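Under UniProt numbering, the first residue of the sequence shown carries the number 1, and numbering increases by one thereafter. Note that the Cβ used here is the ideal one computed from N, Cα and C, for glycine as well. Owing to the predicted nature of the structure, the values given are computational and were not obtained by experimental measurement. See below for the structure under consideration.
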Amino acid sequence: MPTPRYRVKTNNKSNSILIRFKQGNQFDTEVSTGIKVPKGKFSNSKQQINLTDEVDFKELNKKLRNLKTHIANKYSTDSVNGAIIDNKWLRNNVHAFLNKKTKSNKINSKHFFIPFLEDFIKEAEKRIDHPIRPIKKRTVEHYKTTKRKVEAFEEHKGKTLKIKDINLHFHDKFIEYLELEQNLNPNTVGGYIDVIRQVCRKAKLKGLDVNNEYESSDFYTPSNETLDTYLNLEEIHKIYNQKFELDYLDNARDWLIIGVWTGLRVSDLLSLTKSNIDGDFIKKDTLKTNFPVIIPKHNHVKQILNKRNGNFPRKISDQNFNKYIKKICKEVGLTEKIKGAKIVEIKMTKDGKKVKIHRKRVGNYPKYQLISSHICRRSFATNHYGKLDTLTIMKVTGHKLESQFLSYIKITPKEYAEKLKTYWEKIDVNEFVNS
Numbered sequence: 001m002p003t004p005r006y007r008v009k010t011n012n013k014s015n016s017i018l019i020r021f022k023q024g025n026q027f028d029t030e031v032s033t034g035i036k037v038p039k040g041k042f043s044n045s046k047q048q049i050n051l052t053d054e055v056d057f058k059e060l061n062k063k064l065r066n067l068k069t070h071i072a073n074k075y076s077t078d079s080v081n082g083a084i085i086d087n088k089w090l091r092n093n094v095h096a097f098l099n100k101k102t103k104s105n106k107i108n109s110k111h112f113f114i115p116f117l118e119d120f121i122k123e124a125e126k127r128i129d130h131p132i133r134p135i136k137k138r139t140v141e142h143y144k145t146t147k148r149k150v151e152a153f154e155e156h157k158g159k160t161l162k163i164k165d166i167n168l169h170f171h172d173k174f175i176e177y178l179e180l181e182q183n184l185n186p187n188t189v190g191g192y193i194d195v196i197r198q199v200c201r202k203a204k205l206k207g208l209d210v211n212n213e214y215e216s217s218d219f220y221t222p223s224n225e226t227l228d229t230y231l232n233l234e235e236i237h238k239i240y241n242q243k244f245e246l247d248y249l250d251n252a253r254d255w256l257i258i259g260v261w262t263g264l265r266v267s268d269l270l271s272l273t274k275s276n277i278d279g280d281f282i283k284k285d286t287l288k289t290n291f292p293v294i295i296p297k298h299n300h301v302k303q304i305l306n307k308r309n310g311n312f313p314r315k316i317s318d319q320n321f322n323k324y325i326k327k328i329c330k331e332v333g334l335t336e337k338i339k340g341a342k343i344v345e346i347k348m349t350k351d352g353k354k355v356k357i358h359r360k361r362v363g364n365y366p367k368y369q370l371i372s373s374h375i376c377r378r379s380f381a382t383n384h385y386g387k388l389d390t391l392t393i394m395k396v397t398g399h400k401l402e403s404q405f406l407s408y409i410k411i412t413p414k415e416y417a418e419k420l421k422t423y424w425e426k427i428d429v430n431e432f433v434n435s
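Here it is as structure tokens:
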């Protein structure tokens, strides 16, 4: 039986994916699917859209796979019945599949969870960069990921969920599925539960039939202890003073040092230019929150800028920065094993096939393996906590809530004990006796 294939005809900024259906000399048809793909983002060999932030590639790839199946199935029935397989036949079937909107779909959007979640996402997309009630693009992407997880759960259970099916039984089974079948950690699962709770709240506000168990304390958000690490002052000085023979490591080290003394998110850190320098200060409007921060230049930062004739280090990607700073920390000797979580490869069986997936796992690892770009921000907050008032640090880091800021503080119980010990050693014991 002939198999449909996709291709992109032109190489413009955005191109339609064409579907071709061919059977020897009997017929050779090709029409546009109307699905757009960014330039260079379609793989002919894999017949799918490659990883990209420009479109929802996972959702579109799913649609492309299903369209292939639909065309093949229609051919099996129509060819037996004597249908003429030509461009008109192919165009009609592609159009029928991609534009199917029936009365039942409208009913589903009111009573079934996934259609309502789709409407919820569409409403959220309208609020991206909204002047009054803005919502971040990454938040909308999280909603879409939640939708895909619920769809996978429905397929796993062979059931289409209604909104009123979101109850404690669903809660327990959904968590069990994500943790055992998809090997997701509790914090990730908790993010999906939070979205589902938001959707139920929205459905209730619209007067739809919901199960109030989603409001129960038993409908909890799974989480586990965050085991992030930070660089203390001794480690920072060691990294600053290290001589690196390789230029790319020297360049990344300078970015790391600037990061731990500015507390900027990596997206803001690596986009710094000479225009952000204002005398002894660095000024930056943060990308995530659009919050303006002003940070004094630490002596380490001044020396790095002087070394580079007043310029920041050479631009590098987030991915390379993450990779290089692990090498840097290994080279300076941050090899002691500490408890933490890192992404590891896991082998599992899915649909009868052995596959490899990557998940975050808690364990004891050499410290350098736990280093990532976020360590800049954590190190800044932790190293200044207790030495400066919290409000001052928050103004530099751009945190609006103290609870959010305190989650960045990574001082261990042993380090707190050492602080108390040092304090006792410095004071006169008579201060306690006579007080």
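Residue pairing by DSSP places N15 opposite V37 in a beta bridge. Between F321 and S271, the beta carbon gap of about 12 Å keeps them out of contact (Cβ cut-off 8 Å). With a minimum length of 3 residues, the unbroken runs of beta strand (DSSP E) contained wholly in the region 323 to 354 fall at 337 to 350.
By the Cβ rule, the region 124 to 133 does not count as touching the region 149 to 166, because fewer than three pairs are nearer than 8 Å. In the structure shown, R359 adopts extended strand secondary structure according to DSSP, grouped into three states. K202: member of the alpha helix (DSSP H) spanning 186 to 205, first to last residue. Proximity to H237 across Y220, W261, N224 peaks at W261, based on C-alpha coordinates. Q303 carries a helical assignment under DSSP once its states are collapsed to helix, strand and coil. Between the alpha carbons of L370 and Y6 lies a distance of about 42 Å. The alpha carbon of D165 has as its nearest neighbour, out of A381, Y214, Y240, K283, the alpha carbon of Y214. The residue from I121, N224, T69 with its alpha-carbon nearest to that of F97 is T69. Around the beta carbon of K315, a 10 Å sphere encloses fewer than 16 other beta carbons of the protein chains shown; the residue is thus reported as exposed.
When DSSP states are grouped into helix, strand and coil, Q48 belongs to the strand group. With a threshold of 16 other beta carbon atoms within 10 Å, K88 falls short and is exposed. Linking V140 to I121 through their CA atoms gives a straight-line distance of about 7 Å. Distance from the Cα of G279 is smallest, within the candidate group G310, L264, I257, R253, for G310.
Look at the beta carbons and you see the region 180 to 195 touching the region 141 to 153: at least three pairs across the two are nearer than 8 Å. For the pair L90 and T188, the Cα-to-Cα distance works out to about 42 Å.
In the three-state reduction of the DSSP assignment, L90 falls in the helix class. Taking C-beta atoms as the reference points, R265 and K288 count as a pair closer than 8 Å. Within the same chain, and ignoring the five residues on either side of T33 in sequence, the residues whose Cβ sits closer than 8 Å to its Cβ are Y6, S16, I17, L18, I19, L64, L67, V94, L98. Under a 10 Å Cβ-count criterion, A381 is classified as buried, with 16 or more other Cβ atoms of the shown protein chains found around its own Cβ. Between the alpha carbons of K323 and L51 lies a gap of roughly 20 Å.
A residue is called buried once 16 or more other Cβ atoms fall within 10 Å of its Cβ, and V362, having fewer, is exposed. A residue is called buried once 16 or more other Cβ atoms fall within 10 Å of its Cβ, and N224, having fewer, is exposed. Rounded to the nearest angstrom, the Cβ distance from K342 to Y365 is 6 Å, consistent with a contact under 8 Å.
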